[in-house]
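The structure under discussion appears below in the form of structure tokens.
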Amino acid sequence: MEALLYQVFSGLANGIIYGSVALALVMIYQATHHINFAQGEMATFSTFIAWWLMQEGWGYWAAFFITVGISFVGGLLVQRIVLRPIEKAPVLTNVIVFIGLLLIFNALAGMLFDHTIKSFASPFPKDSFLATKYFSAHQIGSAGVLLVVLFALFAFFRYTSVGLAMRAAAQNPDSAKLVGIRVSWMLGLGWGLAAAIGAVAGMMVAPIVFLDPNMMAGILLYGFAGALLGGIDNPLGAVFGGLLVGVLENLLGAYVIGTELKLTVALVLIVGTLTLRPDGLFGKKVVTRV
Amino acid sequence: MAKLFEAKKLCAFYGATQVLFDVDFSIEQGKITTILGANGAGKTTTLRALCQIVKTTGSMTLNAGNGDVQIVGKATDAVVRMGVAHVPDGRGTFTALSVEDNLRLGAYVRSDRDAVAKDMEHCFKLFPRLRERRTQQAGTLSGGEQQMLAISRALMLKPKLLLLDEPSFGLAPLIVAEIFRIMRQINEEDGVSMLLVEQNASLALNLAHHAYLLETGNVALSGPAEQIKNDESVRRAYLGY
Numbered sequence: 000m001e002a003l004l005y006q007v008f009s010g011l012a013n014g015i016i017y018g019s020v021a022l023a024l025v026m027i028y029q030a031t032h033h034i035n036f037a038q039g040e041m042a043t044f045s046t047f048i049a050w051w052l053m054q055e056g057w058g059y060w061a062a063f064f065i066t067v068g069i070s071f072v073g074g075l076l077v078q079r080i081v082l083r084p085i086e087k088a089p090v091l092t093n094v095i096v097f098i099g100l101l102l103i104f105n106a107l108a109g110m111l112f113d114h115t116i117k118s119f120a121s122p123f124p125k126d127s128f129l130a131t132k133y134f135s136a137h138q139i140g141s142a143g144v145l146l147v148v149l150f151a152l153f154a155f156f157r158y159t160s161v162g163l164a165m166r167a168a169a170q171n172p173d174s175a176k177l178v179g180i181r182v183s184w185m186l187g188l189g190w191g192l193a194a195a196i197g198a199v200a201g202m203m204v205a206p207i208v209f210l211d212p213n214m215m216a217g218i219l220l221y222g223f224a225g226a227l228l229g230g231i232d233n234p235l236g237a238v239f240g241g242l243l244v245g246v247l248e249n250l251l252g253a254y255v256i257g258t259e260l261k262l263t264v265a266l267v268l269i270v271g272t273l274t275l276r277p278d279g280l281f282g283k284k285v286v287t288r289v
Numbered sequence: 000m001a002k003l004f005e006a007k008k009l010c011a012f013y014g015a016t017q018v019l020f021d022v023d024f025s026i027e028q029g030k031i032t033t034i035l036g037a038n039g040a041g042k043t044t045t046l047r048a049l050c051q052i053v054k055t056t057g058s059m060t061l062n063a064g065n066g067d068v069q070i071v072g073k074a075t076d077a078v079v080r081m082g083v084a085h086v087p088d089g090r091g092t093f094t095a096l097s098v099e100d101n102l103r104l105g106a107y108v109r110s111d112r113d114a115v116a117k118d119m120e121h122c123f124k125l126f127p128r129l130r131e132r133r134t135q136q137a138g139t140l141s142g143g144e145q146q147m148l149a150i151s152r153a154l155m156l157k158p159k160l161l162l163l164d165e166p167s168f169g170l171a172p173l174i175v176a177e178i179f180r181i182m183r184q185i186n187e188e189d190g191v192s193m194l195l196v197e198q199n200a201s202l203a204l205n206l207a208h209h210a211y212l213l214e215t216g217n218v219a220l221s222g223p224a225e226q227i228k229n230d231e232s233v234r235r236a237y238l239g240y
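Keeping their order, the protein sequence lines are chains A and B. Mapping the first sequence onto numbering that gives the first Met the number 0, position 19 (from 1) lands on 18, and the numbers just tick up by one. Mapping the second sequence onto numbering that gives the first Met the number 0, position 203 (from 1) lands on 202, and the numbers just tick up by one.
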């Protein structure tokens, strides 16, 4: 029983990270109806920026917030410069560009910060009051950070006019233009927010898995599974999906299929969700009446 | 009467296909102008050209009190900022958002918050049914209610010019009568100028002050609505008696 609980809780801890990545994916999907395959590499690159800032002598939280800021601007610029010209292009064109971005960010990270594995500091020290029997301080801390991000996003979309405009632009771009919304900038904003969330996810995962240019490769897959499972258009569902994937992965890995096949769980979940329940557990079907 | 809007030699294109050919028309301040015509004559395209959703050439100017401002070449959101509100065909409501959020979006480009709240109240007075459904998802409204919402959303801009694309489409006659009655009220009491596109010619001619008849992208006839109504050829082709 003790061992089972331990597996569940450490699964939840992983799930928190998957949830943040899923959240970033959902952000871009809501705005553009595309899945950004470069999300993971962009997050890794952001984490490298944070690492570099700390090497230069900045404190953790200063580096954290500067990185989030830089990532936001970076995400916005990527959309403005790389994706805006292909806004009207077919999906496949976008997918190819995403893969291109993935390779570029991966290579850039290796070139600028080299490929050696680096340790990354956690802002939540091991012996802090946050540590409990089943969770390390870092796990509790990153859960808290994710909750803050979720709450901030919810408030942004629910209560600000820019948030409302972003939802409108995502849902019906033609009508959004007719009420004076600059739809293309809303897409840019979506990219900026997603990059910022990705950066947070990267900085939370780096202390656990160590920092290298391929850090997020597997995690993106879990994040994707989480996002699909929860419903690709539902931020809260995505976080829940991420947690579920984390627990499932851990339990199946420990008791059923062994650690080597863990990644398969993500792939099976993706295929399973898409065939059995394409809207995910919490994805909403838009009601229309003609 | 002062001209609010004037189009000269207006051409519009979908890709390489030209739909409007050197169309000239104008809209008087405070009046309702209607564009009639058969399917494919270019009525909807004229409205889309006005909002710069389709490729256009020629000239379109809006005089909202401080001289003529050219519309051709502007982005759609910039035309909206000039005070042009468009109720598109198919209504264009945000179906997954609440009625209130739809109205709030209508006022997206405005910064005068207090006045916005007052205008929302005004919309609810015009269409009491929207007040009952204010927290409901727009997609769950009936067709008539959605049309009321689309018009209200456009009014929330406090428009200088309101464009209406077939507001009667697909609605029961009673609802249509109610909507047209309120449109007249909006025009007479609030002084909103309108450009109305309609398939239902008699309905449109009863409401409008001035009318244009489009035939395959050209203006075939224009004049005061009364006069068009009594025109022999219009009567036979569009009014059916």
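The C-beta atom is built at its ideal place from N, Cα and C for all residues, glycine as well. A quick note: this is a predicted structure, and the numbers were derived from the prediction, not measured.
What span of residues does the beta strand (DSSP E) with residue i cover, start to end?
i                : result
THR16 (chain B)  : 16-27
ALA11 (chain B)  : 2-13
ASP278 (chain A) : It is not in any beta strand (DSSP E) - ASP278 (chain A) carries neither H nor E in the DSSP assignment.
GLU144 (chain B) : First-last for GLU144 (chain B): 142-154, but that is the alpha helix (DSSP H), not the beta strand (DSSP E).
ASP118 (chain B) : Not the beta strand (DSSP E): ASP118 (chain B) falls in the alpha helix (DSSP H), residues 112-125.
TYR211 (chain B) : 209-214
LYS125 (chain A) : Taken as a continuous stretch (DSSP letters only), LYS125 (chain A) belongs to no beta strand (DSSP E), as it is neither H nor E.
ILE52 (chain B)  : Where ILE52 (chain B) is concerned, there is no enclosing beta strand (DSSP E), given that its DSSP letter is neither H nor E.
GLY240 (chain A) : Unbroken run through GLY240 (chain A) is the alpha helix (DSSP H), 234-250; no beta strand (DSSP E).
ASP67 (chain B)  : 67-69
Report the residue from the options whose alpha carbon sits nearest the alpha carbon of residue i.
i                : options                                : result
LEU206 (chain B) : B:PHE20, B:LEU35, B:TYR13 and B:GLY105 : B:LEU35
GLY191 (chain A) : A:VAL7, A:ILE85 and A:ALA30            : A:ALA30
THR139 (chain B) : B:GLY190, B:THR94 and B:GLN146         : B:THR94
PHE155 (chain A) : A:LEU188, A:HIS137 and A:GLN138        : A:LEU188
GLY29 (chain B)  : B:LEU213, B:PHE168 and B:ARG183        : B:ARG183
GLY201 (chain A) : A:VAL20, A:LEU275 and A:LEU149         : A:VAL20
VAL90 (chain A)  : A:GLU40, A:HIS32, A:VAL199 and A:GLN38 : A:HIS32
VAL98 (chain B)  : B:ASP113, B:MET81 and B:MET119         : B:MET119
GLU225 (chain B) : B:ASN217, B:THR45, B:GLY39 and B:THR33 : B:THR33
Would you report the Cα separation of residue i and residue j, rounded to the nearest angstrom?
i                : j                : result
ALA171 (chain B) : GLU177 (chain B) : 10 Å
VAL289 (chain A) : GLY225 (chain A) : Any reading at VAL289 (chain A) must be qualified, since the residue scores a pLDDT of 48, below 50, and its modelled position is unreliable; the value itself is stated next. Roughly 33 Å between the two C-alpha positions.
ALA163 (chain A) : THR134 (chain B) : Correcting the residue identity first, residue 163 (chain A) is Leu in this sequence and not Ala. Computed Cα separation, rounded: 15 Å.
ALA236 (chain B) : TYR211 (chain B) : 14 Å
GLY143 (chain A) : ILE150 (chain B) : 45 Å
SER201 (chain B) : LEU238 (chain B) : 6 Å
LYS176 (chain A) : ASN35 (chain A)  : 24 Å
VAL68 (chain B)  : MET59 (chain B)  : 8 Å
ARG128 (chain B) : PHE209 (chain A) : 59 Å
ARG90 (chain B)  : GLY190 (chain B) : 23 Å
HIS209 (chain B) : ARG130 (chain B) : 33 Å
THR55 (chain B)  : VAL79 (chain B)  : 17 Å
PHE168 (chain B) : ALA37 (chain B)  : 14 Å
VAL182 (chain A) : TRP50 (chain A)  : 34 Å
ALA74 (chain B)  : PRO223 (chain B) : 32 Å
ASP211 (chain A) : PHE47 (chain A)  : 8 Å
ALA116 (chain B) : SER110 (chain B) : 11 Å
LEU52 (chain A)  : ALA106 (chain A) : 20 Å
GLY41 (chain B)  : HIS121 (chain B) : 33 Å
ARG103 (chain B) : PRO172 (chain A) : 16 Å
GLY18 (chain A)  : ALA48 (chain B)  : 45 Å
ALA169 (chain A) : ASP232 (chain A) : 11 Å
SER127 (chain A) : ILE256 (chain A) : 35 Å
Going by DSSP, what residues sit across from residue i in a beta bridge?
i                : result
ASP164 (chain B) : B:VAL196
MET59 (chain B)  : B:ALA6
GLY222 (chain B) : B:ALA210
ASN241 (chain B) : One cannot answer for residue 241 (chain B) here, as it falls past the ends of chain B, which runs 0 to 240.
How close, in whole Å, do the beta carbons of residue i and residue j come, if the pair is a contact with beta carbons under 8 Å?
i                : j                : result
SER45 (chain A)  : GLY197 (chain A) : 6 Å
LEU251 (chain A) : VAL270 (chain A) : Contact flag wrong, Cβ pair sits at about 15 Å.
LEU163 (chain B) : LEU204 (chain B) : Not really, about 15 Å apart at Cβ, beyond 8 Å.
PHE20 (chain B)  : ALA6 (chain B)   : In fact, because the Cβ distance is near 12 Å, the residues do not count as touching under 8 Å.
VAL96 (chain A)  : VAL81 (chain A)  : 6 Å
ARG152 (chain B) : ASN101 (chain B) : 5 Å
SER192 (chain B) : ILE70 (chain B)  : About 15 Å; that fails the 8 Å criterion.
Ends of the alpha helix (DSSP H) at residue i?
i                : result
PRO84 (chain A)  : Counting along the chain, PRO84 (chain A) falls outside any alpha helix (DSSP H), and DSSP gives it neither H nor E.
VAL148 (chain A) : 136-158
GLN38 (chain A)  : 38-54
SER174 (chain A) : 172-177
GLY74 (chain A)  : 59-77
LEU227 (chain A) : 216-229
LEU35 (chain B)  : First-last for LEU35 (chain B): 31-36, but that is the beta strand (DSSP E), not the alpha helix (DSSP H).
Is the shortest distance between the beta-carbon of residue i and the beta-carbons of chain C less than 9 Å?
i               : result
GLY58 (chain A) : Here chain C cannot be found, since the structure's protein chains are A and B.
If you measure from the CB of residue i, is any heavy atom of the ligand MG nearer than 8 Å?
i               : result
VAL96 (chain A) : With respect to small molecules bound, the structure shown includes none, and the ligand MG cannot be examined in it.
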